[in-house]
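Inspection log for the structure reproduced underneath, given as C-alpha coordinates.
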Amino acid sequence: MEIVAEGRGDWIGWVELAKEAVDETATRMTARVIHDIGAHMLGLVEVEDRPALLRFNRDLLGGLYRHVMLVDGNDDRGIDVAIMTRNRFDIGSIRSNVDKTDSKGIIFSRDCAEYEAYARRRAR
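Residue numbers (this note's numbering): 132 to 255.
Below, the structure is given as C-alpha coordinates:
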(Lines of atoms letter the chains of each structure in order from A; the text may use other names.)
(Lines give C-alpha, C1' and ligand atoms only; values in the text may rest on other atoms or scores of the structure.)
Protein backbone atom coordinates (compact mmCIF):
# COMPACT_ATOMS: atom_id res chain seq x y z
CA MET A 132 0.00 0.00 0.00
CA GLU A 133 1.32 3.46 -0.89
CA ILE A 134 -0.20 6.71 0.34
CA VAL A 135 0.56 9.83 -1.64
CA ALA A 136 -0.53 13.22 -0.35
CA GLU A 137 -1.29 15.72 -3.07
CA GLY A 138 -1.55 18.79 -0.86
CA ARG A 139 -2.20 19.77 2.69
CA GLY A 140 -5.88 18.92 2.37
CA ASP A 141 -4.85 15.25 2.12
CA TRP A 142 -2.85 15.38 5.36
CA ILE A 143 -4.49 13.61 8.29
CA GLY A 144 -1.35 12.81 10.27
CA TRP A 145 0.76 14.53 12.87
CA VAL A 146 4.33 15.60 13.42
CA GLU A 147 6.49 14.83 16.42
CA LEU A 148 9.45 17.08 17.07
CA ALA A 149 12.63 15.33 18.09
CA LYS A 150 14.48 16.83 21.05
CA GLU A 151 18.24 16.75 21.17
CA ALA A 152 20.16 17.23 24.37
CA VAL A 153 22.51 20.19 24.54
CA ASP A 154 26.14 19.12 24.67
CA GLU A 155 27.15 20.50 28.08
CA THR A 156 30.87 20.07 27.43
CA ALA A 157 30.65 22.03 24.18
CA THR A 158 28.67 24.79 25.92
CA ARG A 159 31.25 25.03 28.72
CA MET A 160 34.13 25.10 26.23
CA THR A 161 32.40 27.88 24.28
CA ALA A 162 32.06 29.86 27.50
CA ARG A 163 35.72 29.25 28.33
CA VAL A 164 36.87 30.56 24.96
CA ILE A 165 34.62 33.64 25.25
CA HIS A 166 35.91 34.31 28.76
CA ASP A 167 39.56 33.84 27.75
CA ILE A 168 39.22 36.20 24.77
CA GLY A 169 37.59 38.81 27.01
CA ALA A 170 36.13 40.86 24.16
CA HIS A 171 34.54 44.17 25.15
CA MET A 172 31.68 43.54 22.71
CA LEU A 173 30.53 40.22 21.38
CA GLY A 174 28.20 39.61 18.43
CA LEU A 175 26.38 36.29 18.44
CA VAL A 176 24.38 34.19 16.00
CA GLU A 177 22.37 31.01 16.55
CA VAL A 178 21.01 32.30 19.86
CA GLU A 179 18.00 30.48 21.31
CA ASP A 180 16.47 33.42 23.20
CA ARG A 181 17.38 36.25 25.57
CA PRO A 182 16.66 34.35 28.81
CA ALA A 183 19.01 31.54 27.69
CA LEU A 184 21.69 34.09 26.82
CA LEU A 185 21.26 35.82 30.20
CA ARG A 186 21.67 32.46 31.98
CA PHE A 187 24.75 31.66 29.86
CA ASN A 188 26.29 35.02 30.80
CA ARG A 189 25.43 34.64 34.49
CA ASP A 190 26.17 30.96 35.02
CA LEU A 191 29.06 30.28 32.67
CA LEU A 192 30.67 33.68 32.14
CA GLY A 193 30.25 34.96 35.69
CA GLY A 194 28.30 38.00 34.48
CA LEU A 195 31.22 39.21 32.34
CA TYR A 196 28.84 41.15 30.10
CA ARG A 197 26.67 43.92 31.53
CA HIS A 198 24.37 44.37 28.55
CA VAL A 199 22.73 41.45 26.77
CA MET A 200 20.46 42.36 23.87
CA LEU A 201 18.76 40.05 21.40
CA VAL A 202 16.84 41.00 18.29
CA ASP A 203 14.02 38.63 17.40
CA GLY A 204 14.68 37.90 13.75
CA ASN A 205 12.95 36.21 10.86
CA ASP A 206 14.46 32.74 11.27
CA ASP A 207 11.49 30.37 11.33
CA ARG A 208 13.30 28.12 13.82
CA GLY A 209 13.33 30.96 16.37
CA ILE A 210 17.12 31.29 16.31
CA ASP A 211 18.24 34.87 16.63
CA VAL A 212 21.20 37.27 16.69
CA ALA A 213 22.45 39.15 19.75
CA ILE A 214 25.11 41.40 21.20
CA MET A 215 26.71 41.49 24.63
CA THR A 216 28.82 44.37 25.90
CA ARG A 217 30.97 44.78 28.97
CA ASN A 218 30.58 47.32 31.74
CA ARG A 219 32.02 50.44 30.08
CA PHE A 220 30.23 49.90 26.76
CA ASP A 221 26.61 50.89 26.27
CA ILE A 222 24.33 49.97 23.40
CA GLY A 223 23.16 53.26 21.93
CA SER A 224 20.79 52.03 19.25
CA ILE A 225 19.63 48.91 17.47
CA ARG A 226 18.35 48.73 13.92
CA SER A 227 16.81 45.61 12.44
CA ASN A 228 17.14 44.69 8.78
CA VAL A 229 14.74 41.78 9.08
CA ASP A 230 12.45 43.04 6.30
CA LYS A 231 15.10 44.30 3.84
CA THR A 232 14.40 43.18 0.31
CA ASP A 233 15.95 43.40 -3.11
CA SER A 234 14.65 42.36 -6.53
CA LYS A 235 14.75 38.68 -5.46
CA GLY A 236 12.89 39.16 -2.16
CA ILE A 237 14.00 39.04 1.48
CA ILE A 238 17.78 39.46 1.72
CA PHE A 239 18.63 37.92 5.09
CA SER A 240 17.59 34.45 6.24
CA ARG A 241 18.30 35.71 9.75
CA ASP A 242 18.17 39.33 10.78
CA CYS A 243 21.31 41.33 10.09
CA ALA A 244 20.94 43.68 13.03
CA GLU A 245 22.95 46.90 13.28
CA TYR A 246 24.07 47.96 16.74
CA GLU A 247 25.59 51.27 17.74
CA ALA A 248 27.69 50.95 20.87
CA TYR A 249 29.91 53.45 22.60
CA ALA A 250 32.38 53.52 25.45
CA ARG A 251 31.47 55.60 28.47
CA ARG A 252 34.13 57.96 29.74
CA ARG A 253 35.79 56.90 32.92
CA ALA A 254 35.16 59.05 35.96
CA ARG A 255 38.17 61.09 36.99
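For each residue, glycine too, the CB sits at the ideal point set by N, CA and C.
Alanine 244 beta carbon less than 7 Å from that of valine 202: Here residue 202 refers to the residue found at position 71 when the sequence shown is read from its first residue. Here residue 244 refers to the residue found at position 113 when the sequence shown is read from its first residue. Against a cut-off of 7 Å, the Cβ pair of alanine 244 and valine 202 comes out as a contact.
Spatial distance of glycine 194 from serine 234 (CA atoms): Counting from one through the sequence shown, the residue named residue 194 turns up at place 63. Counting from one through the sequence shown, the residue named residue 234 turns up at place 103. Taking the straight line joining both Cα atoms gives about 43 Å.
Serine 240 versus leucine 191 - alpha carbon distance: Taking the sequence shown and counting its residues from 1, the one referred to as residue 240 is at position 109. Taking the sequence shown and counting its residues from 1, the one referred to as residue 191 is at position 60. Looking at the two C-alpha atoms, the distance is approximately 29 Å.
Nearest-angstrom Cβ-Cβ length linking aspartate 242 and glycine 209, presumed shorter than 8 Å: Here residue 242 corresponds to residue number 111 of the sequence shown, with the count starting at 1. Here residue 209 corresponds to residue number 78 of the sequence shown, with the count starting at 1. Taking the Cβ atoms as the reference, aspartate 242 lies roughly 12 Å from glycine 209, outside the contact range of under 8 Å.
Neighbourhood of histidine 198 by C-beta distance below 6 Å, restricted to the same chain and skipping five residues each side: As a position in the sequence shown, residue 198 is number 67, starting the count at 1. Closer than 6 Å at the Cβ level, and outside the excluded window around histidine 198, lie Thr216 and Ile222.
According to DSSP, residues forming a beta bridge with tyrosine 196: Numbered from its first residue, the sequence shown carries residue 196 at position 65. Beta-bridge pairing links tyrosine 196 to no other residue.
Span separating the alpha-carbon of asparagine 218 from that of arginine 159: As a position in the sequence shown, residue 218 is number 87, starting the count at 1. As a position in the sequence shown, residue 159 is number 28, starting the count at 1. If I take the Cα positions, the gap works out to 23 Å.
Under the three-state DSSP convention, the category glutamate 137 falls into: Against the sequence shown, residue 137 aligns to sequence position 6. The answer is coil: DSSP assigns glutamate 137 none of H, G, I, E or B.
Nearest-angstrom beta carbon gap, valine 176 and leucine 184 [assumed within contact, 8 Å]: The sequence position of residue 184 within the sequence shown is 53, counting from 1. The sequence position of residue 176 within the sequence shown is 45, counting from 1. With a Cβ gap of about 12 Å, leucine 184 and valine 176 do not count as contacting.
Start-to-end residues for the beta strand (DSSP E) that takes in valine 176: Along the sequence shown, read from residue 1 onward, the residue named residue 176 stands at position 45. If you look at valine 176, you'll find it in the beta strand (DSSP E) that goes 172–178.
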